[in-house]
Amino acid sequence: MKYILGFVSFSKIKNIQKLPQTNDYVVVKLTAKKSFKHYVAIILSKTEDGYVAKFMRKAMGSKFIFPSNDDVDHIDVHEVADILSQPTINNRQQYSFNVDLNKYKYMN
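First residue of the sequence shown? That's 20 in this note's numbering, and the numbers climb one at a time after it.
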């Protein structure tokens, strides 16, 4: 199946079986000149060419937290590497996911 959002075709994006929706948790791959890092984020809204996402920070082990100062930015469609299941949240507001995120190198 092929999805179109703006001018980008989802048929060429790996690991994506459906379009991310608002409130979906995703893995985002951000690239610099010679390197890249993966981040976990929640989709806040859709835009014409991508999404507005709120980024999380890695806590201890495989848990993630939202920083005290919101880290919100626009991401392009092709930067979404995967869609995650809804997380479980502990009493310390740490989020964990039912998937091994160690497969993503350089996870922040």
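C-beta atoms are modelled at their ideal positions from N, C-alpha and C, and glycine is treated no differently.
Residue of Tyr125, Lys37, Val59 and Leu38 minimising C-alpha distance to Gln82: Strictly speaking, residue 82 in this sequence is Lys, with Gln absent from that position. Lys82 has its Cα closest to that of Val59, out of Tyr125, Lys37, Val59 and Leu38.
Which runs of the beta strand (DSSP E) fall wholly inside the stretch 20–105 and span at least 3 residues, in chain order? 44–50, 55–65, 69–74, 91–95 and 99–103
Sort out for me which residues DSSP pairs Tyr114 with in a bridge. Phe83 and Ile108
Determine the contact status of Lys48 and Asn127, defining contact as a CB-CB distance below 8 Å. no
Is the separation between the beta-carbon of Asp90 and that of Val46 shorter than 8 Å? no
Going by alpha carbons, who is nearest to Val118 out of Asn109, Gln112 and Gln105? Nearest C-alpha to Val118: Gln105.
Rounded Cβ spacing between His97 and Thr66 (contact assumed at less than 8 Å): About 14 Å; that fails the 8 Å criterion.
Are Ile84 and Gln40 closer than 8 Å when you measure CB to CB? no
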